[in-house]
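**Q** Going left to right, the sequence shown walks through residues -23 to -1, 1 to 600 as mature numbering (1 follows the signal peptide of the UniProt record, and there is no 0) numbers them. The C-beta atom is built at its ideal place from N, Cα and C for all residues, glycine as well. Since the model is a prediction, treat every value here as computed from it, not as a measurement.
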Amino acid sequence: MHTRQHMAGLALVSLTLLLTACGDGGTVTPPPPSGTAITSTADSGAGSLRDLLGSAKDGDTLKLASGTITLAGPLNVTKSVTLDLGSGVIDAAGKGRALEIPNGVIVTIKGGTLKGGTGAPITVQSIGLQALSVATYGGVLLNQGTLTLDGTAVTGGKANVGGGIANLKTGTLTLKGTSSVSGNTAQALPLDAKEDSGRGGGIFNSGTLKMEGGTVGGNSSVYVGGGIYTLGPGSITISGGVLSGNKCTYTVVDKPAEGCEGGAVYTTGLLTISGGTVRDNASTRFGGGIEVVGTTFNLSGGDISANTTLRAGGGVLLGEGTTMNYSGGTIQDNKATDLVEGGGGGILAFKAILKMSGGTIKGNSALTGGGIDAFTKNTVEISGGTIEGNATLANGNGGGINVNTGSTLNFTGGTIQNNTSAGNGGGVAISDSAGVLTISGTAKVSGNSARWGGGVIVNGAKMTLAGGSISGNIAVQTGGGVLDNGTVTMTGGEISGNSVPGNTGDGGGGVRLFAGSTFTASGGSIKNNTASFGGGIKTDEIYQTSPASIFTLAGATISGNTATENRGGGINNRGQLIIQSGSVTGNTAKMPGGGVFNAKVATYTQPGGSVTGNAPDNVFNEQ
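1) Ends of the alpha helix (DSSP H) at residue 204?
2) By the DSSP assignment, the alpha helix (DSSP H) with residue 29 in it spans what residues?
3) Just to confirm my understanding: we take residue 52, look at its own chain, exclude 5 residues before and 5 after, and list those with CB closer than 8 angstroms. What are they?
4) Out of 71, 276 and 137, state which residue places its alpha-carbon closest to the alpha-carbon of residue 335.
5) Distance, Cα to Cα, residue 510 vs residue 372?
6) If you follow the beta strand (DSSP E) that residue 589 is part of, which residue opens it and which one closes it?
7) What's the C-alpha gap between residue 141 and residue 158?
8) Can you tell me whether residue 531 is helix, strand or coil according to DSSP?
9) Could you pull out every residue in the same chain whose Cβ sits closer than 6 angstroms to the Cβ of residue 593, ignoring the five residues on either side in sequence?
10) So is residue 132 buried or exposed if we call it buried at 16+ other beta carbons inside 10 Å?
11) DSSP on residue 332, reduced to helix/strand/coil?
12) Taking only three categories from DSSP, how would you classify residue 111?
13) If I measure Cβ to Cβ from residue 361 and keep anything under 6 angstroms in the same chain, skipping five residues before and after, which residues do I get?
14) Would DSSP call residue 245 helix, strand or coil?
15) Could you say which of 443, 139, 57 and 149 lies nearest to residue 165 if we only look at CA atoms?
16) Verify whether the separation of the beta carbon atoms of residue 85 and residue 55 is less than 7 angstroms.
17) When DSSP labels each residue in this structure, what does residue 256 get in the three-state scheme?
18) Helix, strand or coil for residue 365 per DSSP?
19) Can you tell me which of 16, 186 and 20 puts its alpha carbon nearest to the alpha carbon of residue 40?
20) Could you give the DSSP three-state label for residue 627: helix, strand or coil?
21) With a cut-off of 8 angstroms, do at least 3 Cβ pairs link the region 538 to 546 to the region 493 to 502?
22) Extract the residue ranges of the beta strand (DSSP E) inside the region 387 to 439, only unbroken runs of 3 or more that lie entirely within it.
23) Which residues does DSSP pair with residue 309 in a beta bridge?
24) Can you check whether the CB of residue 161 is closer than 7 angstroms to the CB of residue 116?
25) So is residue 584 buried or exposed if we call it buried at 16+ other beta carbons inside 10 Å?
26) Only counting the same chain, and skipping five residues up and downstream in sequence, which positions put a Cβ closer than 6 angstroms to that of residue 416?
27) Measuring only the C-alpha atoms, how far is residue 112 from residue 426?
28) Please report whether the beta-carbon of residue 427 lies at a distance below 7 angstroms from any beta-carbon of chain B.
29) With DSSP run on the structure shown, which of helix, strand or coil describes residue 467?
30) Please state whether DSSP places residue 263 in a helix, a strand or coil.
31) Tell me which same chain residues have a C-beta within less than 6 angstroms of the C-beta of residue 518, skipping the five on either side of it?
32) Going straight from the alpha carbon of residue 287 to that of residue 181, what length do you get?
33) Residue 144 lies in the beta strand (DSSP E); which residues open and close that run?
34) Just to confirm my understanding: we take residue 428, look at its own chain, exclude 5 residues before and 5 after, and list those with CB closer than 8 angstroms. What are they?
35) Can you tell me whether residue 315 is helix, strand or coil according to DSSP?
36) Assign residue 79 to buried or exposed, taking buried as 16 or more other Cβ atoms, counted over all protein chains shown, within 10 Å of its Cβ.
Below, the structure written as structure tokens:
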């Protein structure tokens, strides 16, 4: 799923940043109310910013009311100071970075603009040897200390890693107020280079990054992290602000499996989002908004919206080894647009763990998994929240959720509602012999629609319905509530009020069993479903090499279902029907077989249970 230049699932070049400690890191003395005025906009000389930084003490405030300082080289801030830049501009003029802040120094920059820088190599260590990197880092700012940007713009920077800012291992960078990191670029080294590049258009972070406000927007990278690239164990915390209009650009025309990743954010370090907005970002391969690989992503608030990617994870991509804890916030209106391999309009998970206890995933779209695509050996646990109004493109699977290739979904609470698929599984689609779906507790699958399996389709997989409800779903063709092409065990819950409208479909308003499938109902109820025939259940006969389907009633109730045009109000049986216990009651059909209709090809045994009170009759056996 990953290539050397793009996905952190493959080894990153082993580089450990050597960070030189400067300054005493002591307590900052409050600055005097007025501060020291920067009286010259020259690069150096009396009254210039460079001159005043050279003589500053910890706690000083240096003030620039207006004007542009054009630098001949970077400013090295070695004291813990506040720079109050007003409406002023510090222009690096393409002659290196604007500012460099070493370890142990605490700096606050208020207002102003830092622009026009180019990054430089940093000291790296590989296999015990020290050397300068080939890649350049931090086009405008290099931070190894503690830096707060408050209403400051960082723009027009270029570097191989961190086009605008490089926040290194010992650094703490905080964005607040109206700060902006915009219009910066992370450029690529030649393809045969042995270092990573084209990463972090706006910010590269291997330390601690806190976004409390401001904007990271309109930045670009070649390979990953159009807005921000974080290398673990670095971390990002977003509680406010906006990441928008960022993009990564790499494409290979004749290799559609390749491309760039993480339009706004790409991280292999801890990501925590409690507020703010990630919107209108783009990638060409994975993670239009955010890509998280091999770490933890905690999402409790904020909005991830209107991001796009070509292949997978329009809003979010969870890479191998990632755990996402989703308790709040919204993931909406994101798209994975490819009509051949596109998946996960809202979220795509690959060998990851997704735990959803709250929040809303809505209005997303992709070929498969309009809301969520659990692709390959994932564990998905949903105990709360809402997945609604998502859609598949073309004839894809899983309007709300697609679960496949050895993944499991344990759905105990929350709602999957009003999702659509032109193909299979309006609410949930699960496939693959190793796939397992469990629905229990207060979980609801309601108001979804698809051609096959309006609520749920089980295709070669296993499903257990132990509680909750599958209700009010619609299938155009068959299986209004559940289409069973695998193994289903029902011990509780209900399948109710589902339908296959009109008289052109293949029946099975509540449940449709394809040949070769089994469905055992030992508890719960299948009720008030409608179809032209098989209002509650329709079973299938032998088809090609597949044996007849088997429905076993072993304690559940089948009631109030209707065959509006034909036979089998409760059950239309063309396969094998076994009634051991439970009841078939209060069902109706327009033609004989109000309770049970058995076709000539069917097998019917009733060692127990009851079939009573159906209209126009209880059991009709075709001769």
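**A** Quick answer:
1) That residue, residue 204, is in no alpha helix (DSSP H); it is neither H nor E in DSSP.
2) 26 to 32
3) 26, 27, 30, 67, 75, 76 and 77
4) 276
5) 25 angstroms
6) 587 to 589
7) 7 angstroms
8) strand
9) 571
10) buried
11) strand
12) coil
13) 334, 335, 390 and 391
14) coil
15) Among 443, 139, 57 and 149, the Cα nearest to that of residue 165 belongs to 139.
16) no
17) Strand at residue 256.
18) DSSP places residue 365 in strand when its eight states are reduced to three.
19) Comparing Cα positions, the closest option is 16.
20) The requested residue 627 does not occur in the structure, where the chain is confined to residues -23 to 600.
21) Contact between the region 538 to 546 and the region 493 to 502 is absent, because fewer than three Cβ pairs lie under 8 angstroms.
22) 392 to 394, 397 to 401, 405 to 408, 413 to 416, 421 to 423 and 426 to 429
23) 282 and 339
24) A Cβ-Cβ contact shorter than 7 angstroms links residue 116 with residue 161.
25) exposed
26) 388, 442 and 445
27) 51 angstroms
28) In the structure shown, chain B cannot be found, because there is only a single protein chain.
29) strand
30) strand
31) Apart from sequence neighbours up to five positions away, the residues of its chain that approach residue 518 with a beta-carbon distance below 6 angstroms are 525, 551, 552 and 578, ordered along the chain.
32) 24 angstroms
33) 142 to 144
34) 372, 398, 399, 400, 401, 452, 453 and 454
35) coil
36) buried
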